[in-house]
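Peer 1: So the sequences go chain by chain: A and B. Per the numbering used here, the very first residue in the first sequence carries number 12; after that it's consecutive. Per the numbering used here, the very first residue in the second sequence carries number 12; after that it's consecutive.
Protein chains: 2
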Amino acid sequence: MPRGRESWKQQPWWYGRFRGCGYRLTVPREVILGVLSKTSGHLSAEDIYLAVHKVYPAIGLTTIYRTLELLVQMGLVFKFNFGDKRARYELAEGSKGIRHHHHLVCTHCGKVMDYTDFIDEEVELLNQIEKGLSKKFNFKITNHLIQFYGLCEKCQEK
Amino acid sequence: MPRGRESWKQQPWWYGRFRGCGYRLTVPREVILGVLSKTSGHLSAEDIYLAVHKVYPAIGLTTIYRTLELLVQMGLVFKFNFGDKRARYELAEGSKGIRHHHHLVCTHCGKVMDYTDFIDEEVELLNQIEKGLSKKFNFKITNHLIQFYGLCEKCQEK
DNA sequence: GATATTAATGAAAATGGTTTCTATTAACAA
DNA sequence: TTGTTAATAGAAACCATTTTCATTAATATC
Ligand SMILES: [Mn+2]
Ligand SMILES: [Mn+2]
Ligand SMILES: [Zn+2]
Ligand SMILES: [Zn+2]
Chain A
12 MPRGRESWKQ QPWWYGRFRG CGYRLTVPRE VILGVLSKTS GHLSAEDIYL
62 AVHKVYPAIG LTTIYRTLEL LVQMGLVFKF NFGDKRARYE LAEGSKGIRH
112 HHHLVCTHCG KVMDYTDFID EEVELLNQIE KGLSKKFNFK ITNHLIQFYG
162 LCEKCQEK
Chain B
12 MPRGRESWKQ QPWWYGRFRG CGYRLTVPRE VILGVLSKTS GHLSAEDIYL
62 AVHKVYPAIG LTTIYRTLEL LVQMGLVFKF NFGDKRARYE LAEGSKGIRH
112 HHHLVCTHCG KVMDYTDFID EEVELLNQIE KGLSKKFNFK ITNHLIQFYG
162 LCEKCQEK
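This is the structure we're talking about:
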């Protein structure tokens, strides 16, 4: 497989982020980012392991966890908890043109849906809240989590 | 200890909820609700176990978990995940005059703070979102989770 | 108040996602 | 090409939570 490192190939968008932090560009890291880039879903560590395993059977589950932790810490990947008890991961907004979004979680079947609606209104409220809370509590907000729980179309029918 | 069941004592607000569902009023359930009523913090199952254990050493951790699950399912208690890996519990809004609120979580020291600011504005936005999403996705929202992550006053100083 | 029914409990064991340990491998600077 | 050391694989450990099952006690009935 073309590693792209020494070649003509255009380097992916994340190369600079790694080099800048002094992290090495390894096959597992590339492959895991590749898997995350190719899906629109919210994958668990095991999901990613299985996808990776098909092509690179030598890459172990431990490395999946370690790499995901690194990617989260670098801000390239978001880690979520949707109520099933495994962590779930997706590429962060900005990377690869992904829009800022939140999630609808069906409490009956576990389905997770992205939505990007009302983001403008949300950002407005969030700015207001951020200002207010940083003044009141002297708390510096860096991130937020918004999720809606309920019943999806199919689960309402029953 | 006064159980209050057969006595002069005014029955706590949750008694009706149990009877209505056909659940028995047991000592562990009373004691656990008692612990949750007396704190303003966000307790883990183990926190609750230790508090209960001081007064009723016979009550086991398993019962704490089972009871919390029941209380969550009954809507008397909320279950949260703040990033340390244990679930955390607090009495639901409404019970005992607790106001609707969300949380600020310090990603450095783990401190969790309640805030009740901007709830009116939030409710307005949430209604808008709920209408929009239920129309677009035919998703019936029953609940929402909002958390802010960042640095608390103390952790900013470092 | 005594008794029967069965939901609820406690202790121990199992579960399962995640982390740690350690010897080995490979990225990359020189 | 070589040396340094970060990164990896696999096995074992971890640990919050759940399951199992024999025992207890809450409630309804007498
Ligand atoms: Mn998403
Ligand atoms: Mn709270
Ligand atoms: Zn559903
Ligand atoms: Zn802090």
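Built from N, CA and C at the ideal position, the CB exists for glycine as well. All values derive from a computational prediction rather than experimental measurement.
With residue 47/A and residue 102/A assumed to form a contact (beta carbons below 8 Å), what rounded beta-carbon distance in angstroms separates them?
Peer 2: 5 Å
Peer 1: Between residue 106/A and residue 25/A, what straight-line distance do the alpha-carbon atoms span, to the nearest angstrom?
Peer 2: 8 Å
Peer 1: How about residue 114/B and residue 123/B: are their beta carbons less than 8 Å apart?
Peer 2: Annotated as proximal: residue 114/B and residue 123/B, with beta-carbon spacing under 8 Å.
Peer 1: Looking only at DSSP bridge pairs, what is residue 91/A linked to?
Peer 2: Answer is 99/A.
Peer 1: Does the segment 72-92 of chain B touch the segment 135-148 of chain B, meaning 3 or more C-beta pairs lie closer than 8 Å?
Peer 2: no
Peer 1: From what residue to what residue does the beta strand (DSSP E) around residue 154/B run?
Peer 2: 151-162
Peer 1: If you measure from the CB of residue 125/B, is any heavy atom of ligand 2 nearer than 7 Å?
Peer 2: yes
Peer 1: Where do the ends of the alpha helix (DSSP H) carrying residue 36/A lie?
Peer 2: Run containing residue 36/A: none; DSSP gives neither H nor E here.
Peer 1: What does the alpha-carbon distance come out to for the pair residue 159/B and residue 100/B?
Peer 2: Computed Cα separation, rounded: 18 Å.
Peer 1: Can residue 129/A and residue 143/B be called in contact, C-beta distance under 8 Å?
Peer 2: yes
Peer 1: Does ligand 4 have even one heavy atom less than 7 Å from the beta-carbon of residue 165/B?
Peer 2: yes
Peer 1: Out of 56/A, 78/A, 150/A, 85/A, which has the shortest C-alpha to C-alpha gap to residue 39/A?
Peer 2: 78/A
Peer 1: Is residue 125/A helix, strand or coil by DSSP?
Peer 2: strand
Peer 1: Given a limit of 8 Å on CB to CB distance, which residues of the segment 74-94 of chain A reach chain B?
Peer 2: Of all residues in the segment 74-94 of chain A, 92 have a Cβ within less than 8 Å of some Cβ in chain B.
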